[in-house]
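Down below is the structure, laid out as structure tokens.
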Amino acid sequence: MQPQRPFRPNADAQAFVGLARRHLTVDEAGVLLRLISADKGQPVAPADDARVWDQLTYFCSVSLTRRRVREFKAVLERRAEHGEPLIQKG
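Residue numbers for the sequence shown follow my numbering, so the first one is 1120 and each next one is one higher.
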């Protein structure tokens, strides 16, 4: 049996979550995780405030394509540049 390697998020997920961390509160990050995971059809509830950023990074790394993560990041960047709410439900 091979030893389990530590999880390493991909660069796109790290960039997306880094942007989110600069612009969102922990509560908003939980909402973002719920919305993104529901969009993927794999609902995830944040475990707790201390781990929400790690959960978001993990989900984006393992459940989304890098292209999809870049698309989400571009949406957040555009909204931030235009002063729009970053999280929009609907």
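Glycine included, each C-beta is placed from N, C-alpha and C at the ideal position. Nothing here was measured: the structure is a model prediction, and the numbers come from that model.
In this structure, does DSSP put R1141 in helix, strand or coil? Counting from one through the sequence shown, the residue named residue 1141 turns up at place 22. Looking at R1141 - three-state DSSP - the assignment turns out to be helix.
Going by the CB atoms, is the gap between L1151 and A1169 shorter than 8 angstroms? Position 50 of the sequence shown, counted from the start, is the residue given in the question as residue 1169. Position 32 of the sequence shown, counted from the start, is the residue given in the question as residue 1151. Taking 8 angstroms as the Cβ cut-off, A1169 and L1151 do not qualify as a contacting pair.
Going by DSSP in three states, R1153 sits in which element: helix, strand or coil? The residue you call residue 1153 lines up with position 34 of the sequence shown. In the three-state reduction of the DSSP assignment, R1153 falls in the helix class.
Under 8 angstroms, do A1134 and K1192 count as touching if we go by C-beta distance? As a working note, residue 1134 is residue 15 in the sequence shown. As a working note, residue 1192 is residue 73 in the sequence shown. It is a contact, given that the beta carbons lie within the stated cut-off.
Reducing DSSP to helix, strand and coil, say where F1126 ends up. Translated into positions along the sequence shown, residue 1126 becomes position 7. F1126: coil per DSSP, three-state reduction.
Is it buried or exposed for F1178, if we count other Cβ within 10 angstroms and need 16 for buried? Position 59 of the sequence shown, counting from 1, holds the residue named residue 1178. With 16 or more Cβ atoms within 10 Å of its Cβ, F1178 is classed as buried.
Enclosing alpha helix (DSSP H) for Q1174 [first to last residue]: In the sequence shown, counting from the first residue as 1, residue 1174 sits at position 55. Segment V1171 to S1182, the alpha helix (DSSP H) holding Q1174.
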